[in-house]
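Worksheet: the structure to be examined is printed underneath.
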Amino acid sequence: MVWLIPLQGTLLGMIVVVCVKQIPDPADPGALDPETRTLKRDVKLILDESDSYGVEMGLQLVDAAGEGEVRLVSMAPNNEVGGLRTALAMGAASAVLVSDEALAGSDALSTAKVLAAAIRRCEPDLVLTATESSDGYTGTVPVQIAELLGLPSVTFGKEIEVTDGVATVKRQTEAGFDQVECPLPAVVSVTAGVVEPRYPSFKGIMGAKNKPVDELDLAGLGIDPATVGWSGARQEITDVAVAPARDAGQVVHDEGDAHERILAFLDDLKVL
Amino acid sequence: MGISKIWVFGEATDAGVTASTLELLTKAHQLADTVEVVMSGDAAAVAGVLGAHGATAVHTIGPIEGSLGGPRIASAIAGAVEAGTGPDVVICSTSYDGRDVAGRLSAKIDRPVITNVVDLVADGDRLLGSEPVFGGTTDVTTGFTDSGTAIFLVRPKSFVAEESGGGPAEVIEIAVGDLGDTGSATVKERFVEESSGPKLDEAAIVVSGGRGLGDADKYEMIETLAKLVKGAPGASRAVVDAGWVPYSYQVGQTGKVVKPTVYLACGISGATQHLVGMKGSANIIAINKDEEAPIFGIADLGIVGDVHKVLPKLIEALEARG
Chain L
1 MVWLIPLQGT LLGMIVVVCV KQIPDPADPG ALDPETRTLK RDVKLILDES DSYGVEMGLQ
61 LVDAAGEGEV RLVSMAPNNE VGGLRTALAM GAASAVLVSD EALAGSDALS TAKVLAAAIR
121 RCEPDLVLTA TESSDGYTGT VPVQIAELLG LPSVTFGKEI EVTDGVATVK RQTEAGFDQV
181 ECPLPAVVSV TAGVVEPRYP SFKGIMGAKN KPVDELDLAG LGIDPATVGW SGARQEITDV
241 AVAPARDAGQ VVHDEGDAHE RILAFLDDLK VL
Chain B
273 MGISKIWVFG EATDAGVTAS TLELLTKAHQ LADTVEVVMS GDAAAVAGVL GAHGATAVHT
333 IGPIEGSLGG PRIASAIAGA VEAGTGPDVV ICSTSYDGRD VAGRLSAKID RPVITNVVDL
393 VADGDRLLGS EPVFGGTTDV TTGFTDSGTA IFLVRPKSFV AEESGGGPAE VIEIAVGDLG
453 DTGSATVKER FVEESSGPKL DEAAIVVSGG RGLGDADKYE MIETLAKLVK GAPGASRAVV
513 DAGWVPYSYQ VGQTGKVVKP TVYLACGISG ATQHLVGMKG SANIIAINKD EEAPIFGIAD
573 LGIVGDVHKV LPKLIEALEA RG
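Protein chains in written order, with this note's numbering: chain L, 1 to 272; chain B, 273 to 594.
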């Protein structure tokens with residue numbers, strides 16, 4: 001399945017679509033629903049911090065281009081917009097939100113199918129994502145989206161510059177980084193910490209309430225419910241078990257000699 | 273009954289085949305009748321080591337020069353699957369390129385990926401993958417319900433690489449299909465960042481720093497200490513998110529999994545996100561001001577103290593030893 005995106009004319013400036021996930025607060029670790037064996041989703045959702053870097057980078061790229069806007073796409077149960085409002089308050093112009101009961105149980109591929117269809121409607125020059133979500137962390141969605149849209153991708157981007165329809169991306173590697181050139185439109189995933197996400201201003205927060213959020217269901221996107229959610233997963237959880245626990249050892253208070261304890265510990269292990 | 277054919281995505285650098293590729297081959301060899309590798313580049317140069325770890329054949333798409341491998345390898349595998357000559361199972365390492373291959377392939381052949389796997393178990397003629405969730409307190413095992421190609425992304429260090437005595441793998445060329453625009457990203461230049469010590473996921477000692485260091489300048493103590501013990505510096509997600517160090521330093525659920533002989537956690541409280549990435553370490557030492565920090569729940573030696581006092585003394589003592 002490949003959808004072709006027509007490259008948006010430059011009349012509108014640069015359109016950057018940022019995929020954002022709204023997740024339960026990571027400070028609250030969550031639980032599995034004992035019946036469905038998927039993550040319980042009955043708590044208020046916030047913007048995944050991992051996605052705030054993509055939002056910031058998108059805003060900076062649009063600023064550098066001089067014209068254009070950041071559009072958000074998200075998939076969430078129950079038309080949840082809490083996290084989207086945060087990104088809109090940072091400066092994104094609009095959002096497409098996909099909610100549908102048939103999306104329950106969606107895995108990464110289902111999610112990518114939905115996001116790809118939503119992205120198509122935004123006619124982007126560039127699609128930004130995080131490298132992985134904080135709660136599901138499969139890390140496959142960015143490239144799955146790229147493949148579904150027939151676009152090139154550069155994953156683990158640390159820096160992006162756009163000149164004349166070409167993105168130059170510093171891509172994290174094991175040894176350092178690669179400087180990669182990629183014609184637009186393209187999908188780039190952004191690693192955490194590479195830009196400092198701005199705090200929404202009071203004006204931004206107030207303005208975000210009136211920004212357009214286009215709420216769609218699967219029918220609106222033209223996606224067959226049988227290809228996503230539980231029916232699209234084609235997987236089953238065969239076992240859920242408690243992992244073997246690791247015991248705590250000795251805990252001591254530093255009386256000015258803690259470094260000696262550490263050295264003695266390392267000496268015993270003969271690792272120095 | 274059993275799994276007949278597994279393909280492992282093979283990764284190699286100038287230094288040879290990556291450790292995680294050999295780990296995956298070793299495990300695959302225990303699980304399937306036939307284990308083969310699919311990769312780019314000069315397969316003949318590595319056919320010996322791949323064969324020794326259980327691969328009987330290596331399919332190569334040939335040299336790719338400055339192109340990114342993900343779309344090309346995925347296209348080659350998808351072509352084989354569509355022609356009926358492909359594997360039952362494809363296994364990639366959770367590496368930068370491994371995720372590209374698995375994600376691209378998944379969308380191409382419309383098959384989901386079972387991700388973050390730390391153990392693989394045969395269940396009749398299908399393979400199950402086990403994944404730690406909730407900070408490693410729970411293991412969830414997942415399998416496919418139908419007989420289509422199964423794709424797994426497996427975390428490095430999940431298995432121990434061992435030779436099984438096989439001869440060199442047979443080198444077979446495999447074709448890449450039409451990529452359209454998907455293959456148009458090109459590497460213009462490669463930069464190697466200064467790193468005198470061992471790699472984070474291969475080091476015998478890992479010294480990691482967290483928020484407790486206070487500010488970015490203080491991370492230097494972690495680098496110094498790591499160098500003195502011939503280890504690798506690591507970091508918690510909080511300091512990576514703050515931009516103190518790059519993503520490649522991150523230990524945890526969304527980062528690297530490390531299993532060193534000694535893990536020294538400095539100013540790290542031990543969020544579940546972090547514990548998943550280091551609780552497999554043979555020995556854990558933790559220094560933290562907060563007595564209640566969860567890191568002390570898994571530390572073999574816990575120091576309740578100030579990293580700004582303990583680390584300078586530790587550095588001084590190690591320097592004195594020369």
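Every residue gets a Cβ at the ideal spot worked out from N, C-alpha and C, and that includes glycine. Note that this is a predicted model, so its numbers are computed, not measured.
Pairwise C-beta distances place the region 532-541 of chain B in contact with the region 559-566 of chain B, as three or more of them are shorter than 8 Å.
Contact with chain B is absent for C122 (chain L), since none of that chain's Cβ atoms lies less than 8 Å from the residue's Cβ. Along the region 120-192 of chain L, the alpha helix (DSSP H) occurs as fully enclosed runs of 4 or more residues at 141-149, listed in sequence order.
Counting along the chain, K585 (chain B) sits inside the alpha helix (DSSP H) bounded by residues V579 to R593.
Chain B places a beta carbon closer than 8 Å to that of R261 (chain L), counting this residue as a contact. Contact note: S456 (chain B) reaches chain L through P152, C182 and P183, using a C-beta cutoff of 7 Å and chain order.
Three or more beta-carbon pairs drawn from the region 426-439 of chain B and the region 351-368 of chain B are found closer than 8 Å, and the two stretches are therefore classed as touching. If you draw a straight line from the Cα of E123 (chain L) to the Cα of F156 (chain L), it is about 23 Å long.
A distance below 8 Å separates the beta carbons of M90 (chain L) and L59 (chain L). Taking a Cβ-Cβ threshold of 8 Å, the residues of chain B close to T138 (chain L) are V385, T387, N388 and L425, in chain order.
No residue range can be given for I567 (chain B), since it is assigned to no beta strand (DSSP E) and is classified by DSSP as neither H nor E. Taking 9 Å as the cut-off between beta carbons, the residues of the region 506-521 of chain B near chain L are R509, V511, V512, D513, A514, G515, W516, V517, P518, Y519 and S520, in sequence order.
Secondary structure at T366 (chain B): coil, using DSSP grouped into helix, strand and coil. Note on geometry: alpha-carbon atoms of V96 (chain L) and G338 (chain B) lie some 36 Å from one another.
If you look at H301 (chain B), you'll find it in the alpha helix (DSSP H) that goes A291 to L303. Look at the region 296-321 of chain B: it has no residue with a C-beta under 8 Å from a C-beta of chain L.
Between the beta-carbon of K499 (chain B) and that of G469 (chain B) there is about 6 Å, and that keeps the pair under the 8 Å contact cut.
About 6 Å separates the Cβ atoms of Q22 (chain L) and S74 (chain L), confirming a contact at the 8 Å cut-off.
Here DSSP, grouped into helix, strand and coil, assigns G288 (chain B) to strand.
Residue-level contact check: D48 (chain L) does not touch chain B, since none of the beta carbons of chain B fall below 8 Å from its beta carbon.
The beta carbon of D254 (chain L) sits closer than 8 Å to some beta carbon of chain B.
In chain L, no part has a C-beta under 7 Å from the C-beta of F281 (chain B); the shortest such distance is about 13 Å. Interface annotation for the region 214-237 of chain L against chain B: A233, R234, Q235, E236 and I237, criterion Cβ-Cβ distance under 7 Å. As a beta-bridge residue in DSSP terms, K528 (chain B) pairs with B:V523. Here H331 (chain B) is not near L294 (chain B), since their CB atoms are 8 Å or more apart. Unbroken alpha helix (DSSP H) stretches of 4 residues or longer found wholly inside the region 188-271 of chain L: 202-208, 218-221, 229-233 and 258-269, given in chain order. Contacts between L148 (chain L) and chain B, judged by CB atoms closer than 7 Å, involve A379 in chain order.
Taking a C-beta cut-off of 8 Å against chain B, the contacting residues of the region 154-166 of chain L are V154, T155, F156 and K158, listed in chain order.
Contact annotation: D107 (chain L) and P384 (chain B) have beta-carbon atoms nearer than 8 Å. Counting along the chain, T454 (chain B) sits inside no beta strand (DSSP E), nor does DSSP assign it H or E at all. Chain-ordered, the chain B residues with CB closer than 7 Å to the CB of R246 (chain L) read K551 and I570.
At a cut-off of 8 Å between beta carbons, G105 (chain L) makes no contact with chain B. In the three-state scheme derived from DSSP, where H, G and I count as helix and E and B as strand, P26 (chain L) is classed as coil. Across the region 89-114 of chain L, CB contacts with chain B closer than 7 Å involve D107, A108, L109 and A112, in sequence order along the chain. Apart from sequence neighbours up to five positions away, the residues of its chain that approach V143 (chain L) with a beta-carbon distance below 7 Å are S153 and T155, ordered along the chain. Around A447 (chain B), the same chain offers I333, A348 and G351 as residues with beta carbons nearer than 8 Å, after the five sequence neighbours per side are excluded.
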